[in-house]
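Student:
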Amino acid sequence: MSCIEWAPISLEARIGYLCAATAVSENQIVFVGPLTSHGYDADETSTLACVFVTRKSDGSFNEEVVVTPFREMCVPTHCMTCTGGDLVLLVKPEGKPFFMDGFIAVLSLDSRRWEIIPVSEIPSLTSPLCIFALGQTLYIAGNTHSRDYASLVTYDTETKVWGQLESERVGGAISNCTVVGDTAYILAYQGEGDTEEVMWSYREGEGFSRHGLLPQMIGCLSMESFGRHTIMLASLEADELLHPVSYSTVSGESVVYDRVGDESSLMSWTPIGPDVMVVVDPDYQEAPYRTAMISLPGGDDYVSAGRWNVMDPDHN
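Residue numbering for the sequence shown is 1097 to 1412, as defined by my numbering.
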């Protein structure tokens, strides 16, 4: 297995537990959870907060905490993304299904103002499992009520029109999704009781295509993109421990890295800058925020693909 290089990050913000995390730009990420610091009293720690972390040119980090108006709410793990200058979150009451009392919350990254889209306006799915954006369209990925195949609820952020796409090609349950360039990559179990995951690709106007297979997983905590790779944080069936797994969207090859936790761990890995990922792990009290640097397989996408700082999506 390949090794990981770690370094701690000093941030003041503390959250009770991690809900979700996503990249905002090349040098900024955001993670969400109930705030437990920054001068808040104990009875206010049920309020969700967005913590924006920016990597500066000298390699140091700063943070900005945006407190939400949402109390006793949570954001499902894979249900936050950025599109068109907005941060989009699926929000639901703790312990309740999204399509009972949930809603979409949209934070303008410029004005820091919130917009709420009621759940009553959203076409029905069994449950939302992940969200992503392509162009001006937001996609909420889930399964139909029969759970036999995948369904994508679409929302045009300019026309405010909802739609729904279904694909009998994508069988089983959706696990996670991310976007590389103009293509979305979606993880889905092949079928009930099957732990082998299939990577599907989706392009607007072209639909779904089967892309490749991944090592057998028990579950995938997070899935992010960098260059032409995706990086997943997954519990592997082989040892039931948590490992980063890289997947090349060019060759379809995957690499498993050293373990970073057990099956019960809850953390996020989000790329920031050209060479590192920010790891948010509130349960690891000694260093809840760290950076991780891993080596991608040389000669996979490009002749000399080494560390992430030489992975250039525009390189030929």
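From the three backbone atoms N, C-alpha and C, an ideal C-beta is built for every residue, glycine too. Source: prediction; values computed, not measured.
(1) Counting C-beta neighbours from all protein chains within 10 Å, is the total for residue 1390 16 or more, i.e. buried, or is it exposed?
(2) Run the CB neighbour count on residue 1320, radius 10 Å, all protein chains shown included, and call it buried at 16 or more, exposed below.
(3) Taking contact to mean at least 3 C-beta pairs separated by less than 8 Å, is the segment 1310–1319 in contact with the segment 1363–1370?
(4) What does a CB cutoff of less than 6 Å around residue 1308 pick up in its chain, not counting 5 residues either side in sequence?
(5) Since residue 1363 is in the alpha helix (DSSP H), which residue starts that stretch and which ends it?
(6) Assuming residue 1197 is part of the beta strand (DSSP E), what are its boundary residues?
(7) In this structure, how does DSSP classify residue 1211 when only helix, strand and coil are distinguished?
(8) Please look up how many angstroms separate the CB atoms of residue 1107 and residue 1157, rounded, as I've assumed it's under 8 Å.
(9) Given a cut-off of 8 Å on the beta-carbon distance, is the pair residue 1252 and residue 1233 in contact?
(10) How many Å lie between residue 1305 and residue 1144 at the Cα?
(11) Please determine, among 1254, 1257, 1255, 1299, the residue with the shortest C-alpha to C-alpha distance to residue 1273.
(12) Whole angstroms are fine: how far does the CA of residue 1217 sit from the CA of residue 1103?
(13) At the level of alpha carbons, what is the spacing between residue 1281 and residue 1330?
(14) Where does residue 1217 sit, in a helix, a strand or coil, going by DSSP?
Tutor: Let me spell this out:
(1) buried
(2) That one is buried.
(3) yes
(4) 1295, 1348
(5) Residue 1363 -> no alpha helix (DSSP H), and no H or E assigned at all.
(6) Not the beta strand (DSSP E): residue 1197 falls in the alpha helix (DSSP H), residues 1194–1197.
(7) strand
(8) Their Cβ separation, rounded to whole angstroms, is 7 Å, which keeps residue 1107 and residue 1157 in contact under 8 Å.
(9) yes
(10) So the two alpha carbons sit approximately 37 Å from each other.
(11) 1299
(12) 44 Å
(13) 16 Å
(14) helix
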